[in-house]
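Numbering-wise, the sequence shown is residues 8 to 434 according to the working numbering. Quick reminder that beta carbons are idealized off the backbone N, C-alpha and C, glycines included. Quick caveat, the model's predicted, so the values are computed rather than measured. All remarks here apply to the structure that follows.
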Amino acid sequence: VLRRVLGVAEDVSEPAISLPAFLDRFPAHLRPLVQPLFFRLSREPESRFSRWRRNASILGGATSTSPSGTSQGSIIAQMEGDEEPCAPLQHLVAGLSVFIRGGVSWPVLLEAWVGEDGSDPCAGARAEAAAELAATLCFWCAHPSLCPGPGVPGGVTPSAAASVLAGWEPDPLEAVLSALCRSPDNRSPSSDGAGSSAEVTERLMATVPFLPLSVGPRLSQALFDAAPSPDCHGPQSRILDRGLAFLLRGIGKSLWSSGPWDLLYSDWRDGRSFSAFLQGVLHYKGLAVVLLRAAGDNGEILGAVSDLWEESGASFGGTSECQLFSLWPTLRTFRSTGKSKHFAYLNSQSKRAPRGVGFGGERGAYRLWIPADLNVCEVLQSDAAFASGPLLRHSSSCSISRLEVWGISGPAALAAQPHRVRTGSAA
8 VLRRVLGVAE DVSEPAISLP AFLDRFPAHL RPLVQPLFFR LSREPESRFS RWRRNASILG
68 GATSTSPSGT SQGSIIAQME GDEEPCAPLQ HLVAGLSVFI RGGVSWPVLL EAWVGEDGSD
128 PCAGARAEAA AELAATLCFW CAHPSLCPGP GVPGGVTPSA AASVLAGWEP DPLEAVLSAL
188 CRSPDNRSPS SDGAGSSAEV TERLMATVPF LPLSVGPRLS QALFDAAPSP DCHGPQSRIL
248 DRGLAFLLRG IGKSLWSSGP WDLLYSDWRD GRSFSAFLQG VLHYKGLAVV LLRAAGDNGE
308 ILGAVSDLWE ESGASFGGTS ECQLFSLWPT LRTFRSTGKS KHFAYLNSQS KRAPRGVGFG
368 GERGAYRLWI PADLNVCEVL QSDAAFASGP LLRHSSSCSI SRLEVWGISG PAALAAQPHR
428 VRTGSAA
């Protein structure tokens, strides 16, 4: 198929693919982003696969070779004069097979832009830039029906933060890139704003390990005439835009593989009451996402993924699939530590225990707590159940501007709520 698609004659004994022929299979906004992949795919399979397998087995520690440099594994055909670079067809086929069947990871994507020399003082800065390019590639691959707006290079607006403060809808891609930026709170004075290449890779693998899985299907569509993939589902939310929904899906396997989400509860549809909240969420048999936006100019977004949607009385429940996250303005994820089973808490009936919904911590001192009036959110920096870190940047509490709960486990989980009348809940 690749021979036919790229116009390679059948009678050529050692077929090669030119860079322009490869790029012509992609829309204009993707060509600069997939060009580095062409050079990485052109490497000798033994050299490339051993590195990819090593990178897949550990989080972070990406090692690579500059696409413009030379190495033992690089065998791009040496062209004379102004001829375009070419790559052996068999190497492209072998590399694409790994991409499409096994999935792409952050180390593989960053390898397309970042050099292998760990002593290079600029490696961290280049890795940060590569992370933005790779995230941009992931976003456009996950939304094949979209393209950058006219007059906006790469579809990136000048400032997502300014757009939020001005009350404008920020560009979805800019929201992704802004939330993925390394938090200024974590930068050392000597780092010039950038960690090492390994640190950048580890951060991406720890927070959004599944975003690169959007790349393989897009390559398959462009190069093997596969059926077009649908755009990444985005809920009709008043908290998330398309970009933040894409980013949130990338933090976990269940989120990434989920279909359209079901709106179990929202304050703007159902009213701000605990009884409406309970009617929406009780007896849901699956994972659901609690989303809240803090009141105020910053509009911080945080929440939890939980599989406990039954009354727990004065006890905790849930499983290690529960996790906490801060989504905007900087993405952070807080997964199970395995040290405690105090994952989730939901109580409306017991008068001897706090009424509300909580995650982590201890009774009366939850890592994330939403009391029954649904007006405020209280957070702690650490607890035994989830990894440590700030859910809110500069506070331990906030007023709630918006509150939503989205079911992500499909029709079967929704069908476990026979009491609930749903109208237009799917999104």
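Residue 288: CB within 7 Å of a non-hydrogen atom of the ligand NAD: For the structure depicted, the ligand NAD is absent and the ligand set is empty, with no information on it obtainable.
Chain-order list of residues whose beta-carbon lies under 6 Å from that of residue 300 (same chain, five-residue window excluded): Residue numbering aside, residue 300 sits at position 293 when the sequence shown is read from its first letter. Taken in chain order, the residues that qualify are 246, 306, 308, 408, 409.
Closest by C-alpha distance to residue 214, when choosing among 258, 178, 352: Here residue 214 is taken as the residue at index 207 of the sequence shown, counted from 1. For residue 214, the nearest C-alpha among the options comes from 258.
Same chain, Cβ closer than 7 Å to residue 223, neighbours up to 5 away in sequence not counted: The residue labelled residue 223 in the question sits at position 216 within the sequence shown. Once the five neighbours on either side are set aside, the close Cβ partners of residue 223 are 106, 107, 110, 111.
Boundaries (first-last residue) of the beta strand (DSSP E) holding residue 335: Here residue 335 refers to the residue found at position 328 of the sequence shown. That run of the beta strand (DSSP E) goes 330-335.
Rounded straight-line distance, which links the Cα of residue 336 to that of residue 146: Here the question's residue 146 lines up with position 139 in the sequence shown. Here the question's residue 336 lines up with position 329 in the sequence shown. Each residue's Cα considered, the two are about 18 Å apart.
Same chain, Cβ closer than 6 Å to residue 357, neighbours up to 5 away in sequence not counted: Stepping through the sequence shown from its first residue, residue 357 is reached at position 350. Taken in chain order, the residues that qualify are 320, 321.
Option nearest residue 383 by Cα separation, candidates 364, 391, 393: Mapped onto the sequence shown, residue 383 falls at position 376. The shortest Cα separation from residue 383 among 364, 391, 393 belongs to 364.
Alpha-carbon spacing of residue 345 relative to residue 211, whole angstroms: Position 338 of the sequence shown, counted from the first residue, corresponds to residue 345. Position 204 of the sequence shown, counted from the first residue, corresponds to residue 211. Rounded to the nearest whole angstrom, the C-alpha separation of residue 345 and residue 211 is 22 Å.
Cα-Cα separation, residue 241 to residue 253: What you label residue 241 is simply residue 234 of the sequence shown in a count that begins at 1. What you label residue 253 is simply residue 246 of the sequence shown in a count that begins at 1. Taking the straight line joining both Cα atoms gives about 7 Å.
Nearest-angstrom Cα separation, counted from residue 266 out to residue 28: Taking the sequence shown and counting its residues from 1, the one referred to as residue 28 is at position 21. Taking the sequence shown and counting its residues from 1, the one referred to as residue 266 is at position 259. Whole-angstrom Cα-Cα distance: 35 Å.
Cβ-based neighbour list, residue 350, same chain, cut-off 6 Å, excluding 5 preceding and 5 following: The residue labelled residue 350 in the question sits at position 343 within the sequence shown. Hits under 6 Å: 325, 329, 392.
Burial state of residue 339 (16 or more Cβ within 10 Å): The sequence position of residue 339 within the sequence shown is 332, counting from 1. Per the 10 Å Cβ criterion, buried.
Other residues of its chain near residue 219: CB distance less than 8 Å, five sequence neighbours each side excluded: Residue numbering aside, residue 219 sits at position 212 when the sequence shown is read from its first letter. So the list reads 110, 111, 112, 113, 115, 116, 141, 145, once near-sequence residues are dropped.
Nearest candidate by alpha-carbon position, reference residue 378, set 284, 94, 275, 234: Locating residue 378 in the sequence shown gives position 371, where the first residue counts as 1. Out of 284, 94, 275, 234, 284 has the C-alpha closest to the C-alpha of residue 378.
Per-residue DSSP class, three states only, for residue 396: Within the sequence shown, residue 396 is the residue found at index 389, counting from 1. Note: residue 396 maps to coil in three-state DSSP.
Rounded C-alpha distance that separates residue 417 from residue 327: Your numbering for residue 417 matches position 410 in the sequence shown. Your numbering for residue 327 matches position 320 in the sequence shown. Just so you know, the alpha carbons of residue 417 and residue 327 end up roughly 20 Å apart.
Beta carbon of residue 295 nearer than 8 Å to that of residue 366: Here residue 295 refers to the residue found at position 288 of the sequence shown. Here residue 366 refers to the residue found at position 359 of the sequence shown. Taking the C-beta atoms as reference points, residue 366 is found no nearer than 8 Å to residue 295.
Beta-carbon gap between residue 396 and residue 341 smaller than 8 Å: Translated into the one-based positions of the sequence shown, residue 396 becomes position 389. Translated into the one-based positions of the sequence shown, residue 341 becomes position 334. It is a contact, given that the beta carbons lie within the stated cut-off.
From 278, 187, 355, 402, residue whose alpha carbon lies closest to that of residue 316: Start at 1 with the first residue of the sequence shown, and residue 316 comes out as number 309. The option with the nearest alpha carbon to residue 316 is 355.
Complete beta strand (DSSP E) runs within the stretch 348-413 (minimum length 3 residues, chain order): 351-354, 363-366, 375-378, 383-386
Same chain, Cβ closer than 6 Å to residue 278, five either side skipped, listed in chain order: Taking the first residue of the sequence shown as position 1, residue 278 is located at position 271. For residue 278, where only same-chain residues beyond five positions count, there are no Cβ hits under 6 Å.
Residues near residue 368 by beta carbon distance below 7 Å, same chain, minus five either side: On the sequence shown, position 361 is the one that residue 368 refers to. These residues qualify, in order along the chain: 349, 374, 387, 390.
Whole-angstrom C-beta distance between residue 37 and residue 24, which should lie under 8 Å: Counting from 1 along the sequence shown, the entry for residue 24 is found at position 17. Counting from 1 along the sequence shown, the entry for residue 37 is found at position 30. Wrong, their Cβ atoms sit about 17 Å apart, outside the cutoff.
Own chain residues within Cβ distance below 7 Å of residue 154, not counting five before or after: For the purposes of this step, residue 154 is taken as the residue at position 147 of the sequence shown. Cβ neighbours of residue 154 beyond the five flanking positions: 34, 36.
Nearest to residue 268 (by Cα), restricted to the options 399, 376, 415, 152: Taking the sequence shown and counting its residues from 1, the one referred to as residue 268 is at position 261. The candidate whose alpha carbon is nearest that of residue 268 is 415.
Residue 340 - partner residues in DSSP beta bridges: Translated into positions along the sequence shown, residue 340 becomes position 333. Note: residue 340 sits in a beta bridge opposite 332.
When 292, 98, 318, 234 are compared against residue 422, the one with the closest alpha-carbon: Here residue 422 refers to the residue found at position 415 when the sequence shown is read from its first residue. Nearest option by C-alpha distance: 292.
8 Å Cβ shell around residue 238 - same chain, five flanking residues per side excluded: One-based indexing of the sequence shown puts residue 238 at position 231. Contacts found: 149, 150, 151, 152, 153.
Residue 420 classed as buried or exposed, judged by whether at least 16 other C-beta atoms fall within 10 angstroms: The count along the sequence shown starts at 1 and reaches residue 420 at position 413. Label assigned to residue 420: buried.
Continuous beta strand (DSSP E) stretch holding residue 313: start and end: Looking up residue 313 in the sequence shown gives position 306. Membership of residue 313 in the beta strand (DSSP E) is indicated by the continuous run 308-313.
Candidates 143, 96, 303, 31, of which the one nearest residue 50 by Cα: Start at 1 with the first residue of the sequence shown, and residue 50 comes out as number 43. The candidate whose alpha carbon is nearest that of residue 50 is 96.
Rounded Cβ spacing between residue 281 and residue 353 (contact assumed at less than 8 Å): Along the sequence shown, one-based indexing puts residue 281 at 274. Along the sequence shown, one-based indexing puts residue 353 at 346. Not quite, the Cβ-Cβ distance comes to about 10 Å (not below 8 Å), so this is no contact.
Three-state secondary structure (DSSP) of residue 175: Sequence index remark: in the sequence shown, residue 175 carries index 168 (1-based). Low per-residue confidence applies at residue 175: pLDDT is 40, beneath 50, and the placement is therefore not dependable enough to give any value.
Close-in-space but distant-in-sequence residues of the same chain around residue 273 (CB under 6 Å, 5 per side omitted): Mapped onto the sequence shown, residue 273 falls at position 266. The answer, listed in chain order, is 411.
Per-residue burial, residue 256 [other beta carbons within 10 Å of its own, 16 or more giving buried]: Position 249 of the sequence shown, counted from the start, is the residue given in the question as residue 256. Buried is the call here.
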